[in-house]
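One line per chain: the protein sequences are R and C, in this order. For what it's worth, the numbering used here labels the leading residue of the first sequence as 17, then goes sequentially. For what it's worth, the numbering used here labels the leading residue of the second sequence as 1217, then goes sequentially. The C-beta atom is built at its ideal place from N, Cα and C for all residues, glycine as well. Since this is a predicted model, take the numbers as computed values, not measurements. Report on the structure given below.
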Amino acid sequence: MTESLSLEIRALHEVSLTVNGELKTVRAYPMERLLDVLRHQLGLTGAKEGCGEGECGSCSVLLNDALVNSCLVPVLQAKDADIVTIEGLAAGVQLDVLQEAFLKSGGAQCGICTPGMILAAHHLLRRKPNPTTEEIREGLSGNLCRCTGYIQIVEAVAEAARRRAAA
Amino acid sequence: MAVIRDVMPAFQLFQPTSIADAQKLLEQHAQDAWVMAGGLDSFDWLKDRIKKPKALVDLSGVEELKGIRTINDGIEIGAMTTLTEVVRNPVIQQKYGLLGQAAELVASPQIRNQGTLGGNVSQDARCWYYRAGWPCYRAGGNICYADTPVGRNREHAILHAERCVAVNPSDSSPALIALDAKFVIRTPKGERVVDAEDYFIGPDTDITRMNILQPGYLLTAIRIPSTWAGARFYFEKVRDRNVWDFPLMNVASAMVLSGDSIERIRIAVNGAAARPLRLKAVEDAVRGKPRSPATGEMAGRLAVQGAVPLQFNGYKIPLMRNLVKRSISGVQEATWAS
């Protein structure tokens, strides 16, 4: 009976998931990383592989509203899930307030960490629309940046929060 | 561009949806089975091709294992409940804040969103050599690479080492021991409930395992009795980086005062040995004593009795002494002595 629960991991399986509001069906190996499926099959190259072990956060995406490292999620655990990547944040050519704030504050330099940073900030602002500096730092603590020294990034998130409050 | 399709060795993958099926699968596949909870510890082992299980049981579809419930006397936390849910739970915040503090200091927000309480307490040992696939004692070999004059052992054990000197890196475990939690295990013979401190084992009991789970066993839930609800709690974690890192050491205490004196207390540390240690002798020695720097000092000295440093982890002895002291008399009153 329990054998029927088995899945062949060297075979491709159909996996449906909602990505940035669109239902997608991919054929993937069950233990493939969500990151690889997003990048190679769906062409969503915003999420980056930095460390591949959960330290840098540059592969961060939202999975059912939770910020996760997509390099540590087997695609089987993303089956039927709702995924938001950096590509899903802007409305067409209209950038999200956070993206604009990062541009304005110089929160992005080489850009590798930026998609993950912005998603971590987005995730934070959903729960805490008016975060303190300490809360911003904690909310971004799973994301490494090797260029900015973080100050402009923290400023960008505070700026986005102010703009959202004013809107 | 190269596309890595087979990120890990092949195995039979199972996705049960009930505790009964999951337990049955673990029993059928016995030594060949691997349990995957949040997947964070599992993914490293599998991607590095160090561990090669024949059957992997993914628990992510077992809804019965998720969530926090109020029970007769306290609360029950499903083993697959995420650390973020533990941190945000209002009952835990109000009554069992010690566990919330510990869970919030685990790794990073991303990892707490994915990692589970059952996985955090059941994760494998931290040792560079073991994790890199060296054929050490814990891996079934007959040598320890860390316990040599040049071995990298700054992170390793100072207490109860027995051939293997690796440590248990869990932050939630000492908090659960201090709260007198009970671990609920489904076995082939039915349900078994054990005290938190008895869930963990050291190399003197079995050098290849971190806990009492045997083939066919599944940790299903953790119960916290109301015994220590609202007590005075202390949790501190010391690590190299203030995020993501495992503890060099941590301490958890729950205390009830009567006037100025310590009426009841439980203390545990982790990062000192291969299992989180409940400091029973310290608890006995400070019970009835005033909660003072002098009592903290005495407790700290008692806690490190028998500690044996390796080449590069001698600092862990004053670290543990001071952490235990702080866990009793607080940060303000304690001064750091090297």
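Three-state class that DSSP yields for residue i in the structure shown
| i | result |
| --- | --- |
| S188 (chain R) | One cannot answer for residue 188 (chain R) here, as it falls past the ends of chain R, which runs 17 to 183. |
| M17 (chain R) | Note that M17 (chain R) scores a pLDDT of 49, beneath 50, so its modelled location is shaky; the value from the coordinates is reported in the next line. It is coil, neither helix nor strand. |
| I128 (chain R) | coil |
| R1285 (chain C) | strand |
| Q1244 (chain C) | helix |
| L1539 (chain C) | helix |
| A1515 (chain C) | helix |
| L1336 (chain C) | For the record, residue 1336 (chain C) in the displayed sequence is Asn; it is not Leu. Three-state DSSP puts N1336 (chain C) in a helix. |
| K1532 (chain C) | helix |
| Y1312 (chain C) | coil |
| L28 (chain R) | coil |
| C1380 (chain C) | strand |
| L1434 (chain C) | strand |
| A192 (chain R) | One cannot answer for residue 192 (chain R) here, as it falls past the ends of chain R, which runs 17 to 183. |
| P145 (chain R) | coil |
| F1227 (chain C) | coil |
| D1274 (chain C) | strand |
| W1161 (chain C) | The shown model of chain C, from 1217 to 1554, leaves out residue 1161 (chain C), and the question about it has no answer. |
| V109 (chain R) | coil |
| D98 (chain R) | strand |
| D1411 (chain C) | strand |
| L78 (chain R) | strand |
| M1465 (chain C) | strand |
| N1329 (chain C) | helix |
Contact check, residue i vs residue j, beta carbons under 8 Å
| i | j | result |
| --- | --- | --- |
| T1511 (chain C) | S1543 (chain C) | no |
| Q1390 (chain C) | N1458 (chain C) | With the sequence shown as reference, residue 1390 (chain C) is identified as Pro, and Gln is not the correct amino acid for it. No. |
| A1246 (chain C) | G1406 (chain C) | no |
| D1182 (chain C) | T1443 (chain C) | Residue 1182 (chain C) lies beyond the residue range present for chain C, which begins at 1217 and ends at 1554; the question has no answer from this structure. |
| L1299 (chain C) | G1331 (chain C) | yes |
| F1462 (chain C) | I1438 (chain C) | no |
| L1473 (chain C) | R1448 (chain C) | yes |
| G158 (chain R) | G73 (chain R) | yes |
| I99 (chain R) | T34 (chain R) | yes |
| L1392 (chain C) | I1327 (chain C) | no |
| L1434 (chain C) | R1402 (chain C) | yes |
| I1440 (chain C) | Y1312 (chain C) | yes |
| W1460 (chain C) | A1319 (chain C) | no |
| S86 (chain R) | A107 (chain R) | no |
| A1488 (chain C) | M1536 (chain C) | yes |
| A1271 (chain C) | F1230 (chain C) | yes |
| L156 (chain R) | I169 (chain R) | yes |
| L1321 (chain C) | K1453 (chain C) | yes |
| V1376 (chain C) | D1420 (chain C) | Note that residue 1376 (chain C) is His in the sequence shown here, rather than Val. Yes, these two residues count as a Cβ contact at 8 Å. |
| K1541 (chain C) | E1513 (chain C) | yes |
| S32 (chain R) | L39 (chain R) | yes |
| M1465 (chain C) | L1539 (chain C) | yes |
| G1357 (chain C) | P1351 (chain C) | yes |
Cβ distance (whole Å) where residue i is taken to contact residue j below 8 Å
| i | j | result |
| --- | --- | --- |
| I1423 (chain C) | R1379 (chain C) | 6 Å |
| D1169 (chain C) | L50 (chain R) | A question about residue 1169 (chain C) goes unanswered here, because the residues of chain C that appear run from 1217 up to 1554. |
| T1566 (chain C) | I1287 (chain C) | With chain C represented from 1217 up to 1554, any question about residue 1566 (chain C) goes unanswered, as that position is not in the structure. |
| V1524 (chain C) | I1359 (chain C) | At roughly 19 Å, the Cβ-Cβ gap does not stay under 8 Å, so V1524 (chain C) and I1359 (chain C) are not in contact. |
| L135 (chain R) | V77 (chain R) | 6 Å |
| A1468 (chain C) | A1394 (chain C) | 4 Å |
| Q1317 (chain C) | F1451 (chain C) | 4 Å |
| E30 (chain R) | L60 (chain R) | About 19 Å; that fails the 8 Å criterion. |
Proximity test, residue i beta-carbon vs the ligand MN heavy atom, cut-off 7 Å
| i | result |
| --- | --- |
| L58 (chain R) | Ligands in the displayed structure: none, and consequently the ligand MN is not present. |
*asked:* Does the structure place the segment 1385 to 1396 of chain C close enough to the segment 1221 to 1230 of chain C that three or more beta carbon pairs sit under 8 Å?
replied: The segment 1385 to 1396 of chain C and the segment 1221 to 1230 of chain C do not touch, with fewer than three beta-carbon pairs separated by less than 8 Å.
_Residues in the segment 1342 to 1357 of chain C having any Cβ partner in chain R nearer than 7 Å_ = Taken residue by residue, none of the segment 1342 to 1357 of chain C has a beta-carbon sitting less than 7 Å from a beta-carbon on chain R.
*Where the segment 64 to 85 of chain R meets chain C: residues whose CB sits under 7 Å from a CB there*: Against chain C - using a Cβ distance shorter than 7 Å - the residues of the segment 64 to 85 of chain R are E69, G70, E71, G73, S76, A82, L83, V84 and N85.
_With three or more C-beta pairs closer than 8 Å as the rule, is the segment 119 to 132 of chain R touching the segment 141 to 148 of chain R?_
With the cut-off at 8 Å, the segment 141 to 148 of chain R and the segment 119 to 132 of chain R do not touch.
*Three or more C-beta pairs closer than 8 Å, one from the segment 44 to 59 of chain R and one from the segment 88 to 95 of chain R: is that the case here?*
yes
*Okay, do the segment 1312 to 1331 of chain C and the segment 1493 to 1500 of chain C touch, 3+ Cβ pairs below 8 Å being the bar?*
no
*Does the count of Cβ pairs from the segment 1343 to 1360 of chain C and the segment 1258 to 1268 of chain C closer than 8 Å reach three?*
yes
*Is there contact here, the segment 169 to 183 of chain R with the segment 115 to 126 of chain R, by at least three beta-carbon pairs under 8 Å?*
Yes: at least three Cβ pairs fall under 8 Å.
*Using 8 Å as the threshold, is the segment 1302 to 1320 of chain C in touch with the segment 1265 to 1276 of chain C, meaning 3 or more CB pairs across them?*
With a cut-off of 8 Å, the segment 1265 to 1276 of chain C and the segment 1302 to 1320 of chain C do not count as touching, because too few Cβ pairs lie within range.
*Interface positions of the segment 35 to 61 of chain R facing chain C (Cβ-Cβ less than 8 Å), listed along the chain*: Y45, P46, M47, E48, R49, D52 and H56
*Taking Cβ-Cβ distances below 7 Å as the criterion, which residues of the segment 1431 to 1462 of chain C are in contact with chain R?*
V1459 and W1460
_Tell me which residues of the segment 1313 to 1335 of chain C have at least one Cβ-Cβ distance to chain R shorter than 8 Å, keeping chain order._
A1323, S1324, P1325, Q1326, I1327, N1329 and Q1330
*Short-range partners of chain R found in the segment 1224 to 1241 of chain C, where Cβ spacing is below 7 Å*: M1224, A1226, F1227, Q1228, L1229, F1230, Q1231, P1232, D1237, K1240 and L1241
*Interface positions of the segment 1470 to 1488 of chain C facing chain R (Cβ-Cβ less than 7 Å), listed along the chain*: none
*Report the residues of the segment 1247 to 1263 of chain C with a CB closer than 7 Å to any CB of chain R, ordered along the chain.*
G1255, L1256, F1259 and D1260
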